[in-house]
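Protein chains in written order, with this note's numbering: chain A, 2 to 306; chain B, -19 to 287.
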């Protein structure tokens, strides 16, 4: 187990390093940072001065090494637009995005688990077909469109919720639904197929043969085993939710990391963007690594795989 | 050298085995397809959307760019104020909404096709290479896949598009370069499975070169899986393009795109909700159709290989 653990952590660190390089390259190669700082139509002397002070005239590799070294020491630079340290800005917005990510994940799972279990128990019945129908439709609806429909129905017509902004937990309700419904389909499909597989397993037949009540067989024996692979998917989906919050936070003007990223794009605020991209990637790597380790810990059979 | 090809050079039909006891593979597939109702529904819906988007603008009288400020936000025909002149009404600049919707559909179809062609070529090449050559090549490509998976792709796409400058071409290129991962993952596994099969060993024994095996044996046999991924990725390309255009970093005005139409209608949605409902539902229907076709193809191919 220790060997597996060390290997997995080493791989995660290598991926994080590669991602940091990729993120750095993508941002540097797609535009001129000096022009972004100075604005279009700036004088050449000014551009030269900016390139000099920010070290943009040095080789790319040197720039990356410098940036990486500073980042590792916890210095993320300061925002060009907001004129405050990036770390301060990002730490201030991060909780909102994490709360949104976790609540959407919970919302998605609360829909997916009962639907998936019911669909597996009554396979090929109308419940199964309804559940599959819901997932197919949910997968096809764009999140921002659902967000606007929610605003119309819940905020404008029913007047139950605030249209946009942040501040109270009420501001999280619509973003949670708008993000959460979109991660529901993969969970529901996974739970359904796992349940179908597990329900035909020998130990479930044994449990039934022993005369255990159906509910106990379903929840204690079947569901507990069917839910294990969901942990891995949940980690991947949470990473996706944190990244996908750009669109939803922008629609609802919810003051989190995604909305900050969206505004930083229009201000061409490179240090902020670089930090957000790096942070989201590292969070994803950490989440998937943890879930892999958790899976191996839960299922010792995987250790030698 | 006879100018006329002698008829005896074509192999005689009688040499082929007698009529097989079962239906031909293609007929079997078609039968199973017809029995799969969600698949047929998706296929029909997709054909309808493609037909409408490609054919109707050819004779539809309204221009999607022509503004008529005397005819602003005319509601669709089913509203009391609606007219048959503008069946789906007009937008805030008085442009015919049906014309814009149909042209927007063309944009969505164009984007999904081109993105899938680019990302499919990249992903399939990498996946087949990794699966066939294993060892260091596989390690390197798997590492690349893992790294790309970790990056927030929508955010990256937004950043690149905003820096390079947004246009249809840029959106297609950026999405094409970002969306190859699923192709690579699926073809890698498929290639690993195919490599262990007897016909690959047979080709090797006959002395076929590596490249001949890759192109002649492996590639044709991973194609069904590539097609399934391509269908599902086409739908997500449409969704991502719509999201980018919605945020103002995709297709630029005045080009009609469904995402952009929703963005443009946002300030009018409290009074004219249909302005966002029509492109939104169209997006949903197109993605639904493509996803149903993709799911159906996966089931069909899976059932086909089991027999």
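The C-beta atom is built at its ideal place from N, Cα and C for all residues, glycine as well.
Since the structure is predicted, the reported quantities are computational estimates derived from the model, not experimental observations.
Hey, does residue 222 of chain B have any beta-carbon neighbour from chain A nearer than 8 Å? Yes, because at least one Cβ of chain A sits closer than 8 Å to the Cβ of residue 222 of chain B.
Cutoff 8 Å: residue 196 of chain A Cβ touching any chain B Cβ: Chain B contact via Cβ: absent.
Practice item. For residue 200 of chain B, name the three-state secondary structure that DSSP assigns. Key: Here residue 200 of chain B sits in helix by DSSP.
| message | Do residue 79 of chain B and residue 132 of chain B have their beta-carbon atoms positioned less than 8 Å apart in this structure? | response | Taking C-beta atoms as the reference points, residue 132 of chain B and residue 79 of chain B fail to come closer than 8 Å.
Which residue comes first and which comes last in the alpha helix (DSSP H) that contains residue 81 of chain B?
That run of the alpha helix (DSSP H) goes 77 to 113.
Exercise. Is it the case that the Cβ atoms of residue 94 of chain A and residue 256 of chain A are separated by a distance below 8 Å?
Worked result: Taking 8 Å as the cut-off, the Cβ atoms of residue 94 of chain A and residue 256 of chain A count as close.
Alpha carbon to alpha carbon, how far is residue 15 of chain B from residue 276 of chain B? Looking at the two C-alpha atoms, the distance is approximately 11 Å.
### Task
Could you tell me the boundaries of the alpha helix (DSSP H) in which residue 134 of chain B lies?
Counting along the chain, the unbroken alpha helix (DSSP H) around residue 134 of chain B starts and ends at 133 to 144.
Query raised in the report: Excluding the five sequence neighbours on either side, which residues of its own chain have a C-beta within less than 6 Å of the C-beta of residue 118 of chain B, listed in chain order?
Result: Correct list, in chain order: 110.
| message | Taking the alpha-carbon of residue 288 of chain B as reference, which of B/163, B/258, B/136, B/166 has the nearest alpha-carbon? | response | No statement about residue 288 of chain B is possible, as the shown extent of chain B runs from -19 to 287 and does not include it.
Original post:
Which chain B residues sit within Cβ distance under 7 Å of residue 140 of chain A?
Top reply: Annotation: Cβ neighbours of residue 140 of chain A in chain B (cutoff 7 Å, chain order): 271.
Measure the CB-CB distance between residue 264 of chain B and residue 243 of chain B and report whether it falls below 8 Å. Cβ atoms of residue 264 of chain B and residue 243 of chain B: not closer than 8 Å.
Q | Residues that residue 263 of chain B contacts on chain A, provided the C-beta gap is smaller than 9 Å | A | What residue 263 of chain B touches in chain A, judged by beta-carbon distance under 9 Å, is 141, 142, 143, 146, going in chain order.
query = So which residues on chain A does residue 200 of chain B lean against when the C-beta distance must stay under 7 Å?
reply = The premise fails here: residue 200 of chain B is roughly 29 Å from chain A at the closest Cβ pair, so nothing lies under 7 Å.
| message | Mapping the DSSP letters down to three states, classify residue 18 of chain B as helix, strand or coil. | response | The answer is helix: DSSP assigns residue 18 of chain B an H, G or I state.
| task | State the DSSP-derived secondary structure class of residue 267 of chain A, mapped to helix, strand or coil. | result | Helix at residue 267 of chain A.
- prompt: Between the C-alpha atoms of residue 165 of chain B and residue 147 of chain A, what's the straight-line distance to the nearest angstrom?
  reply: Note on geometry: alpha-carbon atoms of residue 165 of chain B and residue 147 of chain A lie some 30 Å from one another.
Query raised in the report: Between which two residues does the alpha helix (DSSP H) harbouring residue 72 of chain A extend?
Result: Membership of residue 72 of chain A in the alpha helix (DSSP H) is indicated by the continuous run 61 to 73.
message: Quick check on residue 139 of chain B - is its C-beta less than 8 Å from some C-beta in chain A?
response: True, the Cβ-Cβ gap to chain A drops below 8 Å.
*Count the other CB atoms within 10 Å of the CB of residue 140 of chain A; is the residue buried (16 or more) or exposed (fewer)?*
It is buried - the Cβ of residue 140 of chain A has at least 16 other Cβ atoms within 10 Å.
Going by beta-carbon coordinates alone, are residue 151 of chain B and residue 230 of chain B separated by less than 8 Å?
By the CB criterion at 8 Å, residue 151 of chain B and residue 230 of chain B fall inside the cutoff.
* Asked: When the Cα of residue 53 of chain B is compared with those of B/81, B/31, B/42, B/74, which residue comes out closest?
  -> Among B/81, B/31, B/42, B/74, the Cα nearest to that of residue 53 of chain B is on B/74.
Check: By Cβ distance, which residues of its chain are closer than 6 Å to residue -11 of chain B, with the 5 residues on each side in sequence left out?
Finding: With a pLDDT of 42 at residue -11 of chain B, under the threshold of 50, the modelled position of that residue is not reliable, and no figure is offered here.
field: Residue from B/51, B/127, B/35 whose Cα sits closest to the Cα of residue 85 of chain B
entry: Considering only alpha carbons, the answer is B/35.
Look at residue 299 of chain A and residue 277 of chain A and say whether their C-beta atoms are less than 8 Å apart.
-> No, Cβ-Cβ distance for residue 299 of chain A and residue 277 of chain A is not below 8 Å.
Is residue 210 of chain B near the ligand NAD, judged by its Cβ being under 7 Å from some heavy atom?
-> Of ligands this structure carries none, so the ligand NAD is not represented either.
Problem set entry | Cα-Cα separation between residue 246 of chain B and residue 262 of chain B, rounded to whole angstroms | Residue 246 of chain B and residue 262 of chain B have their C-alpha atoms some 16 Å from each other.
- Under 8 Å between C-beta atoms, does residue -8 of chain B make it to chain A? Here the model assigns residue -8 of chain B a pLDDT of 45, short of 50, so the residue's position is not dependable, and the following value carries that caveat. Answer no: the Cβ-Cβ gap between residue -8 of chain B and chain A never drops below 8 Å.
Alpha carbon to alpha carbon, what distance is there between residue 183 of chain B and residue -4 of chain B?
Because residue -4 of chain B carries a pLDDT of 47, less than 50, the predicted location of this residue cannot be relied on, and no value is offered for it.
Buried or exposed: residue 13 of chain A, going by 16 or more other Cβ atoms within 10 Å of its Cβ? Residue 13 of chain A counts as buried, since at least 16 other C-beta atoms from the protein chains shown sit within 10 angstroms of its C-beta.
Item to check | residue 86 of chain A (DSSP reduced to helix, strand or coil) | outcome: Note: residue 86 of chain A maps to strand in three-state DSSP.
I need the boundaries of the alpha helix (DSSP H) containing residue 148 of chain B, first residue and last residue. Where residue 148 of chain B is concerned, the enclosing alpha helix (DSSP H) stretches over 148 to 158.
Using the Cα positions of residue 210 of chain B and residue 24 of chain A, report the straight-line distance between them to the nearest angstrom. Residue 210 of chain B and residue 24 of chain A have their C-alpha atoms roughly 26 Å apart.
With distance defined between alpha-carbon atoms, name the residue in B/59, B/155, B/134, B/124 nearest to residue 91 of chain B. For the residues B/59, B/155, B/134, B/124, the minimum Cα distance to residue 91 of chain B belongs to B/155.
Contact list for residue 260 of chain B against chain A, beta-carbon separation under 9 Å: In chain order: 142, 143, 145, 146, 147, 149, 150.
Margin query: If you reduce the DSSP assignment to three classes, tell me which class residue -9 of chain B lands in.
Written below: The predicted model places residue -9 of chain B with a pLDDT of 44, which falls under 50 and marks its position as unreliable; any figure quoted below should be read in that light. In the structure shown, residue -9 of chain B sits in coil (DSSP, three-state: anything other than H, G, I, E or B).
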